[in-house]
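Asks:
Protein chains: 2
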Amino acid sequence: MAQFAKMDKKALQQTRVELFKRYEEYKSQKLKYDMSRGKPCKEQLDLSLDMMNIKDYKSSSGTDCRNYGGIDGIPEAKELFSQIIEASVDEVIVGGNSSLTMIYDTIARAMSFGVVGSEIPWGKLPKVKFLCPSPGYDRHFAICEAFGIEMIVVDMKADGPDMEVVEKLVLEDEAVKGIFCVPKYSNPDGITYSDEVVDRLGTMKTKAKDFRIFWDNAYTVHHLFGEGDKLKDILEVCKKSGNEDRVFMYTSTSKVTFPGAGVAVMAASKANISLIKKQLSIQGIGPDKLNQLRHVKFLKNMDNIAQHMKKHAEIIRPKFLTVLDILHKELGDKEIAWWNKPNGGYFISFNTLDGCAKKVVDMTAEAGVVMTPAGATFPYGKDPRDRNIRIAPTLPAMDELKKAMEIFCICVQIASIDKLLLDK
Amino acid sequence: MAQFAKMDKKALQQTRVELFKRYEEYKSQKLKYDMSRGKPCKEQLDLSLDMMNIKDYKSSSGTDCRNYGGIDGIPEAKELFSQIIEASVDEVIVGGNSSLTMIYDTIARAMSFGVVGSEIPWGKLPKVKFLCPSPGYDRHFAICEAFGIEMIVVDMKADGPDMEVVEKLVLEDEAVKGIFCVPKYSNPDGITYSDEVVDRLGTMKTKAKDFRIFWDNAYTVHHLFGEGDKLKDILEVCKKSGNEDRVFMYTSTSKVTFPGAGVAVMAASKANISLIKKQLSIQGIGPDKLNQLRHVKFLKNMDNIAQHMKKHAEIIRPKFLTVLDILHKELGDKEIAWWNKPNGGYFISFNTLDGCAKKVVDMTAEAGVVMTPAGATFPYGKDPRDRNIRIAPTLPAMDELKKAMEIFCICVQIASIDKLLLDK
Numbered sequence: 040m041a042q043f044a045k046m047d048k049k050a051l052q053q054t055r056v057e058l059f060k061r062y063e064e065y066k067s068q069k070l071k072y073d074m075s076r077g078k079p080c081k082e083q084l085d086l087s088l089d090m091m092n093i094k095d096y097k098s099s100s101g102t103d104c105r106n107y108g109g110i111d112g113i114p115e116a117k118e119l120f121s122q123i124i125e126a127s128v129d130e131v132i133v134g135g136n137s138s139l140t141m142i143y144d145t146i147a148r149a150m151s152f153g154v155v156g157s158e159i160p161w162g163k164l165p166k167v168k169f170l171c172p173s174p175g176y177d178r179h180f181a182i183c184e185a186f187g188i189e190m191i192v193v194d195m196k197a198d199g200p201d202m203e204v205v206e207k208l209v210l211e212d213e214a215v216k217g218i219f220c221v222p223k224y225s226n227p228d229g230i231t232y233s234d235e236v237v238d239r240l241g242t243m244k245t246k247a248k249d250f251r252i253f254w255d256n257a258y259t260v261h262h263l264f265g266e267g268d269k270l271k272d273i274l275e276v277c278k279k280s281g282n283e284d285r286v287f288m289y290t291s292t293s294k295v296t297f298p299g300a301g302v303a304v305m306a307a308s309k310a311n312i313s314l315i316k317k318q319l320s321i322q323g324i325g326p327d328k329l330n331q332l333r334h335v336k337f338l339k340n341m342d343n344i345a346q347h348m349k350k351h352a353e354i355i356r357p358k359f360l361t362v363l364d365i366l367h368k369e370l371g372d373k374e375i376a377w378w379n380k381p382n383g384g385y386f387i388s389f390n391t392l393d394g395c396a397k398k399v400v401d402m403t404a405e406a407g408v409v410m411t412p413a414g415a416t417f418p419y420g421k422d423p424r425d426r427n428i429r430i431a432p433t434l435p436a437m438d439e440l441k442k443a444m445e446i447f448c449i450c451v452q453i454a455s456i457d458k459l460l461l462d463k
Numbered sequence: 040m041a042q043f044a045k046m047d048k049k050a051l052q053q054t055r056v057e058l059f060k061r062y063e064e065y066k067s068q069k070l071k072y073d074m075s076r077g078k079p080c081k082e083q084l085d086l087s088l089d090m091m092n093i094k095d096y097k098s099s100s101g102t103d104c105r106n107y108g109g110i111d112g113i114p115e116a117k118e119l120f121s122q123i124i125e126a127s128v129d130e131v132i133v134g135g136n137s138s139l140t141m142i143y144d145t146i147a148r149a150m151s152f153g154v155v156g157s158e159i160p161w162g163k164l165p166k167v168k169f170l171c172p173s174p175g176y177d178r179h180f181a182i183c184e185a186f187g188i189e190m191i192v193v194d195m196k197a198d199g200p201d202m203e204v205v206e207k208l209v210l211e212d213e214a215v216k217g218i219f220c221v222p223k224y225s226n227p228d229g230i231t232y233s234d235e236v237v238d239r240l241g242t243m244k245t246k247a248k249d250f251r252i253f254w255d256n257a258y259t260v261h262h263l264f265g266e267g268d269k270l271k272d273i274l275e276v277c278k279k280s281g282n283e284d285r286v287f288m289y290t291s292t293s294k295v296t297f298p299g300a301g302v303a304v305m306a307a308s309k310a311n312i313s314l315i316k317k318q319l320s321i322q323g324i325g326p327d328k329l330n331q332l333r334h335v336k337f338l339k340n341m342d343n344i345a346q347h348m349k350k351h352a353e354i355i356r357p358k359f360l361t362v363l364d365i366l367h368k369e370l371g372d373k374e375i376a377w378w379n380k381p382n383g384g385y386f387i388s389f390n391t392l393d394g395c396a397k398k399v400v401d402m403t404a405e406a407g408v409v410m411t412p413a414g415a416t417f418p419y420g421k422d423p424r425d426r427n428i429r430i431a432p433t434l435p436a437m438d439e440l441k442k443a444m445e446i447f448c449i450c451v452q453i454a455s456i457d458k459l460l461l462d463k
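So the protein sequences, as listed, match chains A and B. So the first sequence is numbered by the numbering used here: it starts at 40 and just counts up by one. So the second sequence is numbered by the numbering used here: it starts at 40 and just counts up by one.
1) Grab the span of the beta strand (DSSP E) containing Asp-268 of chain B for me, first residue to last.
2) State yes or no: is the C-beta of Asp-249 of chain A within less than 8 Å of the C-beta of Ser-157 of chain A?
3) Going along chain A in order, which residues have a C-beta closer than 7 Å to the C-beta of Ala-181 of chain B?
4) First and last residue of the beta strand (DSSP E) that includes Lys-168 of chain A?
5) What does Ile-324 of chain A reach in chain B if we use C-beta pairs closer than 8 Å?
6) Indicate the three-state DSSP secondary structure (helix, strand or coil) for Ile-430 of chain A in the structure shown.
7) Restricting to Cα atoms, I'd like to know which of A:Leu-434, A:Lys-358, A:Gly-371 is closest to Pro-79 of chain A.
8) Is there contact here, the region 282–300 of chain A with the region 242–258 of chain A, by at least three beta-carbon pairs under 8 Å?
9) Counting only beta-carbon separations shorter than 8 Å, does Arg-251 of chain A have a partner in chain B?
10) At the level of alpha carbons, what is the spacing between Met-402 of chain B and Leu-460 of chain B?
11) Distance cutoff 8 Å, beta carbons only. Does Pro-79 of chain A sit that close to anything in chain B?
12) Could you tell me which residues DSSP pairs with Cys-220 of chain A in its beta bridges?
13) How big is the Cα-Cα spacing for Cys-448 of chain A and Met-341 of chain A?
14) With the cut-off set at 8 Å, would you say Gly-229 of chain B and Gly-384 of chain B are in Cβ contact?
15) Between which two residues does the alpha helix (DSSP H) carrying Phe-43 of chain A extend?
16) Which full runs of the beta strand (DSSP E) of 3+ residues lie inside the region 338–413 of chain B, going along the chain?
17) Counting contacts by CB-CB distance shorter than 8 Å, is Ser-151 of chain B in contact with chain A?
18) By the criterion of Cβ-Cβ separation under 9 Å, what are the contact partners of Cys-104 of chain B in chain A?
19) Measure from the C-beta of Gly-371 of chain A to each C-beta in chain B and report whether the shortest distance is under 8 Å.
20) Give every residue of the same chain whose Cβ lies closer than 6 Å to the Cβ of Glu-189 of chain A, excluding the five residues on either side of it in the sequence, and list them in chain order.
21) On the DSSP letters alone, give me the boundaries of the alpha helix (DSSP H) that Glu-213 of chain B sits inside.
22) Distance cutoff 8 Å, beta carbons only. Does Asn-330 of chain B sit that close to anything in chain A?
23) Would Val-399 of chain B and Val-451 of chain B be called neighbours here (beta carbons separated by less than 8 Å)?
24) Does chain A have any CB closer than 8 Å to the CB of Ala-307 of chain B?
25) Tell me whether the beta-carbon of Val-215 of chain B lies closer than 8 Å to the beta-carbon of Val-204 of chain B.
26) Restricting to Cα atoms, I'd like to know which of B:Ala-185, B:Leu-170, B:Glu-275 is closest to Glu-213 of chain B.
27) Give the straight-line distance between the Cα atoms of Arg-475 of chain A and Glu-184 of chain B, rounded to the nearest whole angstrom.
28) Are the C-beta atoms of Tyr-258 of chain B and some chain A residue less than 8 Å apart?
29) Do Thr-231 of chain B and Asp-268 of chain B have their beta-carbon atoms positioned less than 8 Å apart in this structure?
30) Can you tell which of B:Lys-373, B:Asn-382, B:Phe-59 has the C-alpha that lies nearest to the C-alpha of Leu-263 of chain B?
31) Taking its Cβ as the centre, do 16 or more other Cβ atoms sit within 10 Å of Glu-63 of chain B, making it buried, or is it exposed?
32) Select from A:Val-335, A:Ala-352, A:Gly-241, A:Met-141 the residue whose C-alpha is nearest the C-alpha of Gly-281 of chain A.
33) Nearest-angstrom Cα distance between Glu-405 of chain B and Glu-266 of chain B?
34) With Ile-191 of chain B as the anchor, note down where its beta strand (DSSP E) starts and where it stops.
35) Please go through the region 67–150 of chain A and give each complete beta strand (DSSP E) segment of 3 or more residues, from N-terminal end onward.
36) So which residues of chain D does Ala-147 of chain B contact, with C-beta pairs closer than 7 Å?
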């Protein structure tokens with residue numbers, strides 16, 4: 040089929056009739072598929088089943104991991120996770136089962152107490168603003184919204200956030216205290232920040248002395264193809280330019296072992312880590328050390344993790360390729376949609392014609408396929424062009440995924456035709 | 040030996056010489072005992088070793104506990120923990136490994152967002168005050184101190200906090216937003232609140248509409264003798280008097296299974312729980328469901344938990360009795376110290392003559408026995424009479440415990456003599 044925009048009204052109407060017939064057929068099947076979140080599938084979870092056989096409870100330091108004690112993780116977990124997150128052992132805190140909680144808690148503490156270098160707690164300021172490269176991760180935006188942090192949309196370019204805009208905003212506005220980054224296989228665009236972007240983020244001048252980069256490196260070892268992308272070490276860049284306290288880095292094993300029962304880690308300068316350890320000793324009794332020990336005994340070392348992640352890739356790569364294949368076949372030459380081809384991570388970012396995303400997601404939902412809500416990839420849930428949809432291919436079984444994507448492509452075409460017909 | 044106060048100067052000096060000789064002998068042994076925290080001993084931890092054999096990952100609802108999803112706990116955990124905490128299933132949130140974290144997070148959210156019924160977040164008020172029945176739990180006080188919440192000491196009486204004072208303060212001062220309670224086998228006094236105290240707490244008039252009771256029922260099933268004390272259901276009292284949103288209740292399995300890898304639970308009115316669930320969905324991806332499932336499969340039901348707790352009591356009761364025995368033998372008739380005989384919990388609360396506690400703790404530390412710091416049981420670490428010391432008998436082995444208590448009693452006597460000699 041040709042480009043939709045070049046088709047005349049009658050041809051478009053005829054095409055719509057045919058598409059709608061296919062749509063109704065799918066709808067009558069009363070399907071129930073969930074593609075809303077980046078959830079691993081059962082086969083991926085089974086890759087880590089052996090972890091549940093581990094019954095050790097003594098850490099290498101002799102600590103009984105069953106008992107109280109230890110706020111920043113057991114030594115062998117700090118050792119292994121410092122390698123995953125690419126920092127030194129005294130720059131990491133190994134925590135509980137959620138890096139999102141670590142991020143939320145870091146921001147909550149910044150609001151209540153400030154960070155290293157703050158003159159007053161952020162929550163006492165008249166206004167706090169965060170830069171939000173978008174499309175981005177809805178859970179980051181939800182944290183900002185909860186704390187009343189004003190979000191400023193910054194466009195994502197092919198190699199990361201639009202640094203012209205970032206540099207200008209952080210230089211001129213003291214209220215800009217932070218930026219959210221998913222620097223590797225970004226959510227949802229699958230973009231890995233270029234060395235230049237990392238350099239500029241680490242070295243740029245900021246008006247706020249206590250500006251922070253929230254570096255959510257969730258997909259650091261989550262390659263789909265071969266050795267994957269390389270990301271420059273931002274903590275190192277920050278150190279070299281005298282901005283060592285600027286970055287908070289996070290990652291987890293949520294998509295390495297078990298999403299609900301993984302281990303999260305954060306890294307930052309020694310000064311940052313020292314303050315946070317003090318604050319954590321007020322907040323609780325320390326992370327689940329048994330689960331940390333279980334993870335270390337199972338994951339062993341970086342080579343083994345790389346092998347383990349290859350098994351993940353073998354399961355999910357065919358799903359990504361299937362999505363890309365169906366998108367290409369159904370929409371490839373119609374010039375009504377654009378999407379990325381990521382080297383890793385959990386998503387395919389999909390753009391419709393302006394003003395069609397919400398309609399597409401609603402239509403697919405009516406046919407039994409739940410996608411991530413349109414707009415979710417932008418602050419306040421508002422996509423200014425109403426075009427971005429996040430596709431999460433990992434959870435559904437292959438046959439489900441195929442059907443779901445066919446339905447999706449039908450909906451994209453119908454919504455596009457409806458839009459084009461308005462202009463005819 | 041007679042009452043110290045009735046001895047003349049010479050007799051006291053002579054006694055001191057003998058005691059100091061014994062002290063020096065112990066000191067030369069270079070002991071290293073830790074009695075600073077209420078930590079279970081290895082034998083207690085071994086009671087739950089079978090929990091590590093549990094490999095189930097499907098919840099009764101069919102949920103794969105390894106994956107994402109669920110913010111308030113898996114159904115069977117909510118079922119069992121609602122019985123432990125004595126609330127209904129829709130009044131509980133089953134969380135991670137620390138009830139202290141749940142308490143901290145509740146207060147952090149109250150400061151940032153307010154609670155049900157708040158007109159503005161507590162953190163936006165010029166002043167927030169909490170009533171702190173003392174002696175009390177140092178980790179509660181540390182949370183207040185971190186958030187700049189002013190702590191007001193309220194005396195503990197034989198059946199709970201001094202309610203005359205509590206009722207007066209909450210009625211006249213709108214800044215009083217909370218009270219910390221460990222209502223059963225209180226930390227450190229081992230007191231269980233009487234029905235009258237529970238009734239008065241639940242029904243009293245408060246000036247602040249969003250006043251909260253932080254009901255840390257940490258030792259609810261932790262009896263030392265038989266069936267243990269009974270505590271009246273405060274949530275029920277609150278409901279009946281139209282104050283259903285007044286209380287946040289907490290407990291955990293930290294001293295049932297593994298302190299570092301247990302499961303915590305909170306309970307409150309449906310309105311409170313509903314708001315908190317919304318807030319938790321911003322903070323993270325939900326608790327470790329595998330650990331919850333492990334706990335349910337291992338603990339099974341309330342009868343089994345009671346049996347399990349009897350095994351704990353069999354291990355730690357002899358330690359409590361040993362401490363009480365040594366205290367009685369060494370100090371019983373000298374009228375220089377007073378202590379409680381708890382029916383449950385983890386501590387013996389010990390009072391010296393006024394002004395002696397710090398000296399006693401310092402002296403025992405010098406002889407290799409680390410006690411909880413003197414003053415720790417009061418807000419800001421300041422015991423106004425410098426007399427309260429928290430004894431935690433559970434962790435040391437029996438022979439260590441005996442030596443430690445002998446050293447402790449020697450130090451109490453020396454410090455008392457030094458005080459009495461000043462007046463001679």
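Built from N, CA and C at the ideal position, the CB exists for glycine as well.
Replies: By the coordinates alone:
1) As a working mapping, residue 268 of chain B is identified with position 229 in the second sequence. Per DSSP, Asp-268 of chain B belongs to no beta strand (DSSP E) and is neither H nor E.
2) What you label residue 249 of chain A is simply residue 210 of the first sequence in a count that begins at 1. What you label residue 157 of chain A is simply residue 118 of the first sequence in a count that begins at 1. Cβ distance < 8 Å, so Asp-249 of chain A and Ser-157 of chain A count as in contact.
3) Counting from 1 along the second sequence, the entry for residue 181 of chain B is found at position 142. What Ala-181 of chain B touches in chain A: Ile-321.
4) Counting from one through the first sequence, the residue named residue 168 of chain A turns up at place 129. Where Lys-168 of chain A is concerned, the enclosing beta strand (DSSP E) stretches over 168–173.
5) Numbered from 1 along the first sequence, position 285 holds the residue referred to as residue 324 of chain A. Chain B residues near Ile-324 of chain A: Asn-136, Ser-137, Leu-139, Thr-140, Ser-293, Pro-298, Gly-299.
6) Start at 1 with the first residue of the first sequence, and residue 430 of chain A comes out as number 391. It is a strand residue.
7) Your numbering for residue 79 of chain A matches position 40 in the first sequence. With distances taken between Cα atoms, Pro-79 of chain A lies closest to A:Leu-434.
8) yes
9) Here the question's residue 251 of chain A lines up with position 212 in the first sequence. So no, Arg-251 of chain A is outside the interface.
10) For this step, residue 402 of chain B is matched to residue 363 along the second sequence. For this step, residue 460 of chain B is matched to residue 421 along the second sequence. For Met-402 of chain B and Leu-460 of chain B, the distance between alpha carbons rounds to 18 Å.
11) The sequence position of residue 79 of chain A within the first sequence is 40, counting from 1. Chain B contact via Cβ: present.
12) Taking the first sequence and counting its residues from 1, the one referred to as residue 220 of chain A is at position 181. DSSP lists A:Trp-254 as partners of Cys-220 of chain A.
13) Counting from 1 along the first sequence, the entry for residue 448 of chain A is found at position 409. Counting from 1 along the first sequence, the entry for residue 341 of chain A is found at position 302. Approximately 40 Å, taken between the alpha carbons.
14) Taking the first residue of the second sequence as 1, we reach residue 229 of chain B at position 190. Taking the first residue of the second sequence as 1, we reach residue 384 of chain B at position 345. Yes, the pair counts as a contact, with Cβ atoms nearer than the cut-off.
15) Counting from 1 along the first sequence, the entry for residue 43 of chain A is found at position 4. Unbroken run through Phe-43 of chain A: none, as it is neither H nor E.
16) 376–378, 387–391, 408–410
17) By 1-based counting over the second sequence, the position of residue 151 of chain B is 112. So yes, Ser-151 of chain B belongs to the interface.
18) Position 65 of the second sequence, counting from 1, holds the residue named residue 104 of chain B. In chain order: Phe-297, Gly-299, Ala-300.
19) Here residue 371 of chain A refers to the residue found at position 332 when the first sequence is read from its first residue. It does not: the Cβ of Gly-371 of chain A has no partner Cβ on chain B nearer than 8 Å.
20) Translated into the one-based positions of the first sequence, residue 189 of chain A becomes position 150. Correct list, in chain order: Lys-168.
21) Here residue 213 of chain B is taken as the residue at index 174 of the second sequence, counted from 1. Taken as a continuous stretch (DSSP letters only), Glu-213 of chain B belongs to no alpha helix (DSSP H), as it is neither H nor E.
22) Stepping through the second sequence from its first residue, residue 330 of chain B is reached at position 291. Cβ-Cβ to chain A under 8 Å: yes for Asn-330 of chain B.
23) Stepping through the second sequence from its first residue, residue 399 of chain B is reached at position 360. Stepping through the second sequence from its first residue, residue 451 of chain B is reached at position 412. Yes.
24) Translated into the one-based positions of the second sequence, residue 307 of chain B becomes position 268. No, no contact with chain A.
25) The sequence position of residue 215 of chain B within the second sequence is 176, counting from 1. The sequence position of residue 204 of chain B within the second sequence is 165, counting from 1. No; because the gap between Cβ atoms is not below 8 Å, this pair is not in contact.
26) Here residue 213 of chain B corresponds to residue number 174 of the second sequence, with the count starting at 1. Nearest option by C-alpha distance: B:Leu-170.
27) Outside the modelled stretch of chain A, which goes from 40 to 463, sits residue 475 of chain A, for which no answer is possible.
28) One-based indexing of the second sequence puts residue 258 of chain B at position 219. Output row for Tyr-258 of chain B: interface = no.
29) Within the second sequence, numbered from 1, the residue matching residue 268 of chain B stands at position 229. Within the second sequence, numbered from 1, the residue matching residue 231 of chain B stands at position 192. Yes; because the gap between Cβ atoms is below 8 Å, this pair is in contact.
30) Numbered from its first residue, the second sequence carries residue 263 of chain B at position 224. Looking at the Cα atoms, B:Asn-382 is the closest of the given residues.
31) Residue mapping note: residue 63 of chain B aligns to position 24 of the second sequence, counting from 1. By the neighbour-count rule (16 or more Cβ atoms within 10 Å), Glu-63 of chain B is not buried but exposed.
32) The residue labelled residue 281 of chain A in the question sits at position 242 within the first sequence. Closest option to Gly-281 of chain A, Cα to Cα, is A:Gly-241.
33) Stepping through the second sequence from its first residue, residue 405 of chain B is reached at position 366. Stepping through the second sequence from its first residue, residue 266 of chain B is reached at position 227. Computed Cα separation, rounded: 40 Å.
34) Position 152 of the second sequence, counted from the start, is the residue given in the question as residue 191 of chain B. First-last of the beta strand (DSSP E) with Ile-191 of chain B: 189–196.
35) 72–74, 131–133
36) The structure shown contains no chain D; the protein chains it does contain are A and B.
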